[in-house]
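> Just so we're aligned: 157 in UniProt numbering is position 157 of the sequence shown, and the numbers increase by one with no gaps anywhere.
Cβ coordinates follow ideal geometry from the N, Cα and C atoms, glycine included.
A single structure is presented below for examination.
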Amino acid sequence: MRYGAVTVETDKQRRAGPESGLEMCAFEAEPVVWGCEPRSRARTAKFTEHRGQDADSSSLCVQNASEAHPGSNPMAKDDAHQNIQAFVSKPRVVGGRDARPGEIPYQVTIQRKFYFGNGSYHWCGGAIIDGEHVLTAGHCVYGLDTAELIVYSGVLNNTWQSPEASKVVQRVTHAFLHEGFDYEKYHNDIAILKVSPGFPKDNPEVSTIPLREDIAPEALLCSVSGWGLLGYSEGIMPEKLQVVTVPFIRHDRCRLIYENYTEGSVEPGMNCAGYPEGGRDACGGDSGGPLQCGGLLTGIVSWGEECALPDYPGVYADVAFYKDWIAKQLDRSRVADQESTVFVGTSSDIHIQTNENQIPTSYG
Numbered sequence: 001m002r003y004g005a006v007t008v009e010t011d012k013q014r015r016a017g018p019e020s021g022l023e024m025c026a027f028e029a030e031p032v033v034w035g036c037e038p039r040s041r042a043r044t045a046k047f048t049e050h051r052g053q054d055a056d057s058s059s060l061c062v063q064n065a066s067e068a069h070p071g072s073n074p075m076a077k078d079d080a081h082q083n084i085q086a087f088v089s090k091p092r093v094v095g096g097r098d099a100r101p102g103e104i105p106y107q108v109t110i111q112r113k114f115y116f117g118n119g120s121y122h123w124c125g126g127a128i129i130d131g132e133h134v135l136t137a138g139h140c141v142y143g144l145d146t147a148e149l150i151v152y153s154g155v156l157n158n159t160w161q162s163p164e165a166s167k168v169v170q171r172v173t174h175a176f177l178h179e180g181f182d183y184e185k186y187h188n189d190i191a192i193l194k195v196s197p198g199f200p201k202d203n204p205e206v207s208t209i210p211l212r213e214d215i216a217p218e219a220l221l222c223s224v225s226g227w228g229l230l231g232y233s234e235g236i237m238p239e240k241l242q243v244v245t246v247p248f249i250r251h252d253r254c255r256l257i258y259e260n261y262t263e264g265s266v267e268p269g270m271n272c273a274g275y276p277e278g279g280r281d282a283c284g285g286d287s288g289g290p291l292q293c294g295g296l297l298t299g300i301v302s303w304g305e306e307c308a309l310p311d312y313p314g315v316y317a318d319v320a321f322y323k324d325w326i327a328k329q330l331d332r333s334r335v336a337d338q339e340s341t342v343f344v345g346t347s348s349d350i351h352i353q354t355n356e357n358q359i360p361t362s363y364g
């Protein structure tokens, strides 16, 4: 599965990338990153992309899952834009509001560094789960080098120039991508980032969120947050963190909602949140961000159909379903001793990749 570069306009300036969309990318409307589906309205990764003027957009594309192998380079620049097909995008945290200072202290912006010069841009969201780890979506790190990523915590403003006194900047030293992650189907869409330095204990704008270990009650009101695009067709990203309230939908009901959906399926390890009438949702640029229910991290923003449509709630990776996997990765992280290293593989075989390689994925 491959990505295409896009154009995104912030509140203050336009940042341009190649305006793909002809024979390679079936882009329909707003600029985000899509995965592969055959030129139709399709499942959307809630995942934004833009490149600065100096960026090499070809590096954003990844191989089709059937072509990717552990240890290979799924984002080779020489064939980066071949066979690109597109998901229709999802624009933002829709129907939300500006978050208040200290309201969501566990939210981080995972940013990608510009290839030339200083600076970075918002790539995905994530949630702080302990003093040195962030939980995010697998598709946010698939095919990337940890050296490309940087994490900002303690901020409401997602720009790298943000002067907020509470801002904390961390580099990503390790990434733990679920060994069963499937980029075409978004199954096992979960990953953990280890950061350095660790998160401060004396910053009131930065704190962890506990993980949910059981199934949340149906219709429990939850909040989802992120810096996704502000409109379906405008292509405008907010500088301020957005938050919206949505009711939780259990896996069985969510699966039935998407039962006749031809572009994807709700598999074990997924749940949903949203209103039957639509109007409020997490969308493009919110991928990897937290779904908080009752003070517990309950879901990770993953995918959905278009943006806040009636009868199509947002789909999330179910944190409780992956509690054992999360615990195992945290144990592995404690013994990790190679900087900028990625751990992937099966339970009996761990492959270590240094930052000279991009993140591979294993398929069982």
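For the beta strand (DSSP E) holding Cys293, just list the boundary residues, first then last.
Element bounds for Cys293: Pro290 to Cys293.
> Considering only their Cβ atoms, is the gap separating Asp281 from Cys307 smaller than 8 Å?
Contact: yes.
> Under a Cβ-count criterion, where at least 16 other Cβ atoms within 10 Å of its own Cβ denotes burial, should Val244 be classed as buried or exposed?
By the neighbour-count rule (16 or more Cβ atoms within 10 Å), Val244 is buried.
> DSSP three-state call for Trp123: helix, strand or coil?
Looking at Trp123 - three-state DSSP - the assignment turns out to be strand.
> Under 8 Å, do Pro105 and Glu205 count as touching if we go by C-beta distance?
Taking 8 Å as the Cβ cut-off, Pro105 and Glu205 qualify as a contacting pair.
> By Cβ distance, which residues of its chain are closer than 7 Å to Thr159, with the 5 residues on each side in sequence left out?
Result list for Thr159: Glu239, in chain order.
> Per DSSP, what are the beta-bridge partners of Tyr316 in this structure?
Answer is Asn271 and Val301.
> Alpha carbon to alpha carbon, what distance is there between Asp311 and Glu339?
Caution applies to Glu339, whose pLDDT of 45 falls short of 50 and renders its modelled position unreliable; the model cannot decide the point.
> Following the continuous beta strand (DSSP E) through Lys194, name the residue where it begins and the one where it ends.
Here the beta strand (DSSP E) through Lys194 covers Ala191 to Ser196.
> Would you list the one or two residues that DSSP bridges to Pro247?
Its beta-bridge partners are Leu221.
> Looking at C-beta atoms only, is the number of pairs between the region 108 to 125 and the region 260 to 278 that lie closer than 8 Å three or more?
No, the region 108 to 125 is not in contact with the region 260 to 278.
> Give a yes or no on whether the C-beta atoms belonging to Arg332 and Phe199 are separated by under 8 Å.
No; because the gap between Cβ atoms is not below 8 Å, this pair is not in contact.
> Can you name the start and end residues of the beta strand (DSSP E) that Ala175 belongs to?
Val168 to Leu177 is the span of the beta strand (DSSP E), which, as asked, contains Ala175.
> Output yes or no for whether 8 Å exceeds the beta carbon distance between Pro217 and Leu297.
In this structure, Leu297 does not lie closer than 8 Å to Pro217 by Cβ.
> Please identify the residue among Ser153, Ser223 and Asp214 whose C-alpha is closest to the C-alpha of Asn203.
Among Ser153, Ser223 and Asp214, the Cα nearest to that of Asn203 is on Ser153.
> Let's see if you can read the secondary structure: which residues bound the alpha helix (DSSP H) around Ser333?
Note, Ser333: alpha helix (DSSP H), Lys323 to Val335.
> Do the region 132 to 142 and the region 186 to 195 touch if we need at least three Cβ pairs shorter than 8 Å?
Short answer: they touch.
> Measure the C-alpha to C-alpha separation of Val168 and Val155 and round it to an integer number of angstroms.
Rounded to whole angstroms, Val168 to Val155 spans 8 Å at the Cα level.
> Below 8 Å on the Cβ atoms is my contact criterion, and I expect Val301 with Tyr316 to pass it. Report the Cβ-Cβ distance as a whole number of Å.
That belief holds up - the Cβ atoms of Val301 and Tyr316 are roughly 6 Å apart, short of 8 Å.
> At a Cβ threshold of 8 Å, is Pro290 touching chain D?
Although the question refers to chain D, the structure presented lacks it and comprises just one protein chain.
> Can you tell which of Lys185, Val94 and Gly226 has its C-alpha closest to the C-alpha of Thr109?
Residue Gly226 is the option with its Cα nearest to Thr109.
> Let's test the definition: count the other Cβ atoms within 10 Å of the Cβ of Leu256 and tell me whether it reaches 16, buried, or not, exposed.
Looking at its Cβ environment, which holds fewer than 16 other Cβ atoms inside 10 Å, Leu256 is exposed.
> Inspect the beta-carbon positions of Gln242 and Gly96 and report whether they are closer than 8 Å.
The answer is yes: Cβ separation under 8 Å.
> Starting from the Cα of Asp286, find the closest Cα among Gln107, Ile215, Gly102 and Arg100 and give me that residue.
Checked all of Gln107, Ile215, Gly102 and Arg100; the closest Cα to Asp286 is Gln107.
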